[in-house]
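A short write-up of the structure that comes next.
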Amino acid sequence: MLTTSTVSRAGLDAIALKPAECDVERATAIPADTIAIDYEGREHIPDREIIETLAADTRVLLTTPVRADGFDPLGDDSLASELPSAVERILVAGHPAYLTDDERSRAVAPRLGAALESAPDSWVGTESVERIAMATGATQYDLLSRSTERELRALRAAGFDGDIAVYAPTVLSDDEDEILDAVGDYVSRRRPVASALPEDGDEQTDSQATGRTREVLLAAANDYALVGAEADVREQTDALREAGGTTVVGYPARDIEPFLE
Numbered sequence: 038m039l040t041t042s043t044v045s046r047a048g049l050d051a052i053a054l055k056p057a058e059c060d061v062e063r064a065t066a067i068p069a070d071t072i073a074i075d076y077e078g079r080e081h082i083p084d085r086e087i088i089e090t091l092a093a094d095t096r097v098l099l100t101t102p103v104r105a106d107g108f109d110p111l112g113d114d115s116l117a118s119e120l121p122s123a124v125e126r127i128l129v130a131g132h133p134a135y136l137t138d139d140e141r142s143r144a145v146a147p148r149l150g151a152a153l154e155s156a157p158d159s160w161v162g163t164e165s166v167e168r169i170a171m172a173t174g175a176t177q178y179d180l181l182s183r184s185t186e187r188e189l190r191a192l193r194a195a196g197f198d199g200d201i202a203v204y205a206p207t208v209l210s211d212d213e214d215e216i217l218d219a220v221g222d223y224v225s226r227r228r229p230v231a232s233a234l235p236e237d238g239d240e241q242t243d244s245q246a247t248g249r250t251r252e253v254l255l256a257a258a259n260d261y262a263l264v265g266a267e268a269d270v271r272e273q274t275d276a277l278r279e280a281g282g283t284t285v286v287g288y289p290a291r292d293i294e295p296f297l298e
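Each residue of the sequence shown is one higher than the one before, starting from 38 at the first, in the numbering used here.
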């Protein structure tokens, strides 16, 4: 009897890893055709040898902030030039937490354009630069939100025929405590969620959250993450593709162990 992997049964097309949280070398055991590696600062960029080993059998995309020294196509691009040729890139403006004051002040649009000239197959992260990202015509890399399906349908109806990859923290469990421990803090920082949380509620955003706070966080987990048993997550990933998404990228928010099977 033909067996499938957890990644396949959940309907995930790619897996995203945070090198500050896990050993990227373990990705060689993940049965996925595509691995995306998030950027969490220069000190967490995997060694070249590790990336090359992973890229030998898997499509690897490395997130690179175009305003950061080392990845700036209009300045210091020394780190980008050292990447193995087999590695593709996800071009992003960059989270301010990982940028210096000088890097944050750099213009995004011309740097995305210049980076795409040298790496035309790159994906472009849309967070905070949606219009600029769309103007590039490159694969759009969106964060899952409560409006994603509606926006996907609108883009397709308007005639956009490019690729759209959707990134989502993923928890393969229907246990409420496990879901909140994994993504409670993440969803609490989303603006609509933060405004919906009770001002006088407890400050816990994990499994210790109670009352209205817990209700809001659990509802938000279904809007901003992929959570539930494999079959439940599969329904969500199928819905995203039906709406117009071309690739669903899951980030193991709790542990990568379930994704190794």
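Glycine included, every Cβ here is placed at the ideal spot set by N, Cα and C.
Bear in mind that the values here come from a model prediction, so they are computed numbers and not experimental data.
With a CB to CB cut of under 6 Å and the five nearest residues on each side skipped, what residues in its chain are close to residue i?
i	result
L116	G107 and F108
R141	P133
V6	Here the chain has residues from 38 to 298 only, and residue 6 is not among them.
R46	E267
A262	A205, P206 and V220
A280	E186, L189 and R190
G131	P102, R104 and A105
P68	S42 and V44
Q273	L263
Assign residue i to buried or exposed, taking buried as 16 or more other Cβ atoms, counted over all protein chains shown, within 10 Å of its Cβ.
i	result
T101	buried
R143	buried
E294	exposed
M38	For M38, the pLDDT reaches just 31, beneath the cut-off of 50, and the residue's location in the model is therefore unreliable, although a value from the coordinates is still provided. So M38 ends up on the exposed side.
D218	buried
T284	buried
L49	buried
A66	exposed
R126	buried
G162	buried
S225	buried
G282	buried
Which of helix, strand or coil does DSSP assign to residue i?
i	result
P121	coil
D179	strand
R226	coil
I201	strand
I52	strand
Y76	coil
G162	strand
G112	coil
I88	helix
L99	strand
V129	strand
G254	The sequence as given places Leu at residue 254; Gly does not occur at that position. Correct three-state label for L254: helix.
T242	coil
T71	strand
G287	strand
P295	helix
L263	strand
V301	Here the chain has residues from 38 to 298 only, and residue 301 is not among them.
T41	coil
T173	helix
T65	helix
For residue i, which residues from the same chain have a beta carbon less than 8 Å from its beta carbon, with the 5 sequence-adjacent residues on both sides left out?
i	result
G174	G199
A276	E186
Y135	Y76, E77, G78, P102 and A105
D269	D211
D70	D50, A51, T95 and R96
Within a Cβ cutoff of 7 Å, which residues of the same chain sit near residue i, ignoring the five residues on either side of it in sequence?
i	result
G221	T242, D243, A246 and L254
P235	R249 and T250
P83	P56, V61 and I74
S165	A130
R271	R46, A47 and G48
Assuming residue i and residue j form a contact by the criterion Cβ under 8 Å, report the distance between their Cβ atoms to the nearest whole angstrom.
i	j	result
V44	V103	Not quite, the Cβ-Cβ distance comes to about 29 Å (not below 8 Å), so this is no contact.
A53	G287	7 Å
L149	L120	About 17 Å separates the two Cβ atoms, so there is no contact after all.
S118	E298	At roughly 38 Å, the Cβ-Cβ gap does not stay under 8 Å, so S118 and E298 are not in contact.
A92	A123	4 Å
L98	W160	6 Å
Original post:
Any contact of the segment 44–61 with the segment 278–295, i.e. 3+ C-beta pairs under 8 Å?
Top reply: Short answer: they touch.
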